[in-house]
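Q:
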Amino acid sequence: MADWDSQFDAVWADAELSDAERIERIDRLAVVWGDNAVALFHRAGARDAAGRGAEAEPLYRRALLLGLDDDHRVRAVIQLARALRGLGRVHEAVWMLGDEHTNHPGSPYRDAVSAFYALSLASAGDSRRAASVAITALAPHVPLYSRSVEQIARDISY
């Protein structure tokens, strides 16, 4: 699997590719694996990055349904929620990211989840909770004031 991921990474790293070329190359790599969750994740990501969120959505959903390892799963949740937000389905994005935020606090993608959760909350009109989520995510990065920042973040969320 690691070698396979490096092949996808090489396609992503090629800055010379157009969106259509990137999609075509990723699809060619993915076809070997058929209805494989990681292949579907990469196919969705290529479309999402090209601004084709409506095409990416069912691929992300299928990848999640088939089951992804933790690394790809959380990335798929973030990227699907971002696509949904772009498609105007903000409340669905808030629900997905809120679930991820609540149920996976130790994730190495915690800050990314928090960032997209905060953006989705703000888009949904809940600016107080958005600020609270964003500031709570920043708190560990301001060690002299982290306890104070965390308390204020909790206070403003209500």
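Heads up: the sequence shown at position 3 corresponds to -16 in my numbering, and the numbers run straight through without jumps.
Note that CB positions come from ideal geometry on N, CA and C, so glycine has one too.
What residue from Phe(-11), His23, Glu36, Asp136 has the CA that sits closest to Arg54's CA?
A: Locating residue 54 in the sequence shown gives position 73, counting from the first residue. If we check each option's Cα against that of Arg54, His23 comes out closest.
Q: Whole angstroms is fine: what's the gap from Ser113's alpha carbon to Arg135's?
A: Residue numbering aside, residue 113 sits at position 132 when the sequence shown is read from its first letter. Residue numbering aside, residue 135 sits at position 154 when the sequence shown is read from its first letter. Near 6 angstroms, if we compare the C-alpha coordinates of Arg135 and Ser113.
Q: Among Glu73, Tyr90, Ala118, which has the Cα closest to the Cα of Ala105?
A: Taking the first residue of the sequence shown as position 1, residue 105 is located at position 124. Looking at the Cα atoms, Glu73 is the closest of the given residues.
Q: Do you know offhand how far Phe(-11)'s Cα is from Leu100's?
A: The residue given as residue -11 occupies position 8 in the sequence shown. The residue given as residue 100 occupies position 119 in the sequence shown. Looking at the two C-alpha atoms, the distance is approximately 28 angstroms.
Q: Within its chain, find whatever has a CB closer than 7 angstroms to the CB of Ala44; leave out the 5 residues flanking it on each side and keep chain order.
A: Position 63 of the sequence shown, counted from the first residue, corresponds to residue 44. Within the same chain, Ala44 has close Cβ partners Ala18, Leu21, Phe22, Ala25, Ala57.
Q: Is the beta carbon of Leu78 closer than 9 angstroms to that of Glu38?
A: As a working mapping, residue 38 is identified with position 57 in the sequence shown. As a working mapping, residue 78 is identified with position 97 in the sequence shown. Going by C-beta atoms, Glu38 is not nearer than 9 angstroms to Leu78.
Q: So is Tyr98 buried or exposed if we call it buried at 16+ other beta carbons inside 10 Å?
A: Numbered from its first residue, the sequence shown carries residue 98 at position 117. Classification of Tyr98: buried, given that the 10 Å Cβ count is 16 or more.
Q: Looking at the unbroken alpha helix (DSSP H) that takes in Trp76, where does it start and where does it end?
A: What you label residue 76 is simply residue 95 of the sequence shown in a count that begins at 1. 71 to 84 is the span of the alpha helix (DSSP H), which, as asked, contains Trp76.
Q: If you draw a straight line from the C-alpha of Ala11 to the C-alpha of Val130, how long is it?
A: Sequence index remark: in the sequence shown, residue 11 carries index 30 (1-based). Sequence index remark: in the sequence shown, residue 130 carries index 149 (1-based). So the alpha carbons of these two residues sit roughly 45 angstroms apart.
Q: If you check the beta carbons only, do Leu102 and Arg91 fall under 9 angstroms apart?
A: Residue mapping note: residue 102 aligns to position 121 of the sequence shown, counting from 1. Residue mapping note: residue 91 aligns to position 110 of the sequence shown, counting from 1. In this structure, Arg91 does not lie closer than 9 angstroms to Leu102 by Cβ.
Q: So, at 8 angstroms on beta carbons, what are the nonlocal neighbours of Ile133 in its own chain, with the 5 sequence-adjacent residues on each side left out?
A: Looking up residue 133 in the sequence shown gives position 152. The answer, listed in chain order, is Ile116.
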